[in-house]
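J.:
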Amino acid sequence: MNRHLIRQHRLTITSDKKASFFLIVTGKEFSPQTISAATAQGNIRQLASLDEVRRYYLGQEMVDLALQAAYYTRTPRYRVIVQRTGKALSIRSVASAGKAARGQAQQPVAANTPGVSLLGADIEVMVRKRDGGAFTALPMADHHDKVIGADSALIRKKHRFYQPIIELRAKPQKNGEKLRQEFLRLKTQLEKRAEKNGVVIVSEENPRGRFFLGGHVHISNANASFRKVSQLDAFVAVPLSAYKKNASLLRRAAYGKLGAVRLNRYRGFEYRTLPTWYAFIEEGAPFFNWLETVLYHPSLPEIQLAEEAVRAYYAGDRRQLCRETEKLFADVAPLLTVREKHCLLKWDRWLQQIGTIDENGSDPVL
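Per this note's numbering, the sequence shown starts with residue 1, numbered consecutively.
1) Just the C-alpha distance for T26 and R10, rounded to the nearest angstrom, thanks.
2) Are L335 and L300 close, meaning C-beta to C-beta below 8 Å?
3) Applying the 10 Å Cβ sphere with the 16-neighbour rule, what's the burial state of S49?
4) Taking buried to mean at least 16 other C-beta atoms within 10 Å of its own C-beta, is T12 buried or exposed?
5) In this structure, does DSSP put H144 in helix, strand or coil?
6) Just the Cα atoms here: how many angstroms apart are A134 and Q304?
7) Taking 8 Å as the cut-off, does the segment 265-281 touch the segment 171-191 (at least 3 CB pairs, one atom from each stretch)?
8) Below 8 Å between beta carbons: does that hold for L295 and I219?
9) In the DSSP assignment, find the unbroken beta strand (DSSP E) run with G215 in it and report its ends.
10) With G214 and G256 assumed to form a contact (beta carbons below 8 Å), what rounded beta-carbon distance in angstroms separates them?
11) Do the segment 115-134 and the segment 200-207 touch if we need at least three Cβ pairs shorter than 8 Å?
12) Between the alpha carbons of K228 and L67, how many angstroms are there, rounded?
13) Which runs of the beta strand (DSSP E), 3 residues or longer, sit entirely within the segment 253-321?
14) Please report how far the alpha carbon of V238 lies from the alpha carbon of K18, in whole angstroms.
15) I need the straight-line Cα distance from A224 to T73, nearest angstrom please.
16) I need the DSSP call for M1, collapsed to helix, strand or coil.
17) Per DSSP, S90 is paired with what?
18) Restricting to Cα atoms, I'd like to know which of N246, A88 and R210 is closest to P164.
19) Let's test the definition: count the other Cβ atoms within 10 Å of the Cβ of T325 and tell me whether it reaches 16, buried, or not, exposed.
20) Candidates L250, L119 and E307: which alpha carbon is nearest W290's?
21) Once DSSP output is grouped into helix, strand and coil, what is the label at T371?
22) Any idea what DSSP makes of Q231, helix, strand or coil?
Structural data, given as structure tokens:
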């Protein structure tokens with residue numbers, strides 16, 4: 001395996017024999033096909049589904065790392081071993097599986113979903129008390145399936161557990177503008193609720209300790225391919241990181257890695273790299289429209305980011321990221337239709353606008 005390609009994305013490689021638990025993942029691109037759990041004693045058990053994987057401590061996160069390692073090393077058919085020692089996760093090996101992984105698909109059970117491809121998202125925020133400034137949380141009794149609900153992350157206060165991260169879960173829509181309108185509706189509801197309860201919305205990427213806020217993009221009935229995810233990295237994540245100030249590099253190295261993807265239950269996938277974009281809802285039409293363009297474009301090529309772009313992304317080098325963004329936009333423009341070029345132009349101008357706001361000292365995401 002190419003250790004350099006893995007390490008530049010802040011993944012750990014190890015062969016620590018003291019590891020207590022392993023996952024062996026084979027698959028094709030972002031679709032795991034077989035997943036086996038193994039212990040240090042050599043006991044191996046094949047797992048039936050991703051739902052079964054989640055029953056293991058950090059099981060989902062181990063699968064995430066396996067898929068990312070395959071993506072970073074450009075290994076479309078792979079066998080990856082991820083190990084856990086306590087809470088620490090690391091890559092043990094990445095190997096090409098050749099044709100051996102075919103015909104063994106172990107996909108999550110899809111919900112009864114219409115055949116059309118729809119766009120969705122969930123945006124995370126936290127709330128703090130208006131007077132004292134202390135963070136507050138929703139009790140666990142809140143229903144998890146509400147359009148405004150709680151993430152599964154927990155904090156403990158005495159004998160009670162709370163869910164401090166609030167999610168806005170938009171109903172899937174046919175295009176970016178309709179998705180924005182749905183989020184406008186949810187944002188209005190949330191802010192009225194916040195005003196009534198004497199709290200304010202916080203949408204920093206890392207507002208407190210171990211809590212990191214993301215903006216996860218969903219698409220249904222779409223293949224989670226290396227090609228499509230590389231386009232999201234190159235044309236959405238890298239440009240946004242170039243112009244958005246006050247980013248949390250801790251989140252970027254933990255939950256905001258390039259190529260952070262999970263399959264969803266609607267025959268599609270969830271792109272998890274982006275930080276929360278709650279503050280972009282009202283004035284961010286170019287962001288939503290460009291997301292739609294990239295996700296639905298049928299023929300853009302796979303993008304291999306330059307090493308300088310990857311290094312700058314994790315280091316927060318915005319000047320280098322701006323240079324890389326200019327190159328990426330110049331390369332993709334000839335491949336777009338007139339309408340798509342118009343979307344790109346508006347996206348580029350909007351990014352420069354939020355960058356200018358940043359430099360003037362007013363961060364639009366706070």
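Glycine residues also receive a C-beta, built at the ideal position from the N, C-alpha and C atoms. What you are looking at is a predicted structure, and each value in this text was computed from that prediction instead of being measured.
T.: Inspection of the coordinates gives the following:
1) Counting from 1 along the sequence shown, the entry for residue 26 is found at position 26. Counting from 1 along the sequence shown, the entry for residue 10 is found at position 10. Taking the straight line from one Cα to the other gives about 22 Å.
2) Mapped onto the sequence shown, residue 335 falls at position 335. Mapped onto the sequence shown, residue 300 falls at position 300. Against a cut-off of 8 Å, the Cβ pair of L300 and L335 comes out as a contact.
3) The residue labelled residue 49 in the question sits at position 49 within the sequence shown. Result: exposed.
4) One-based indexing of the sequence shown puts residue 12 at position 12. It is exposed - the Cβ of T12 has fewer than 16 other Cβ atoms within 10 Å.
5) Within the sequence shown, residue 144 is the residue found at index 144, counting from 1. Low per-residue confidence applies at H144: pLDDT is 42, beneath 50, and the placement is therefore not dependable, though the value from the model is reported in the following sentence. Three-state result, H144: coil.
6) Your numbering for residue 134 matches position 134 in the sequence shown. Your numbering for residue 304 matches position 304 in the sequence shown. The alpha-carbon atoms of A134 and Q304 are separated by roughly 43 Å.
7) yes
8) As a working note, residue 295 is residue 295 in the sequence shown. As a working note, residue 219 is residue 219 in the sequence shown. Yes, they are a contact pair.
9) Within the sequence shown, residue 215 is the residue found at index 215, counting from 1. Note, G215: beta strand (DSSP E), G215 to I219.
10) Numbered from 1 along the sequence shown, position 214 holds the residue referred to as residue 214. Numbered from 1 along the sequence shown, position 256 holds the residue referred to as residue 256. G214 to G256, Cβ: 7 Å. Contact.
11) yes
12) Translated into the one-based positions of the sequence shown, residue 228 becomes position 228. Translated into the one-based positions of the sequence shown, residue 67 becomes position 67. Cα-Cα distance, rounded: 14 Å.
13) 261-263 and 269-271
14) Counting from 1 along the sequence shown, the entry for residue 238 is found at position 238. Counting from 1 along the sequence shown, the entry for residue 18 is found at position 18. Spanning the two alpha carbons is a distance of roughly 37 Å.
15) The residue labelled residue 224 in the question sits at position 224 within the sequence shown. The residue labelled residue 73 in the question sits at position 73 within the sequence shown. Answer to the nearest angstrom: the Cα atoms are 17 Å apart.
16) Indexing the sequence shown from 1 puts residue 1 at position 1. M1: coil per DSSP, three-state reduction.
17) On the sequence shown, position 90 is the one that residue 90 refers to. BP columns for S90 point to Q83.
18) For this step, residue 164 is matched to residue 164 along the sequence shown. Per the Cα distances, R210.
19) What you label residue 325 is simply residue 325 of the sequence shown in a count that begins at 1. So T325 counts as buried.
20) As a working note, residue 290 is residue 290 in the sequence shown. Checking every option, the nearest Cα to that of W290 belongs to L119.
21) Residue 371 lies beyond the stretch modelled for the chain, which goes from 1 to 366, so this question has no answer here.
22) Counting from one through the sequence shown, the residue named residue 231 turns up at place 231. Q231: helix per DSSP, three-state reduction.
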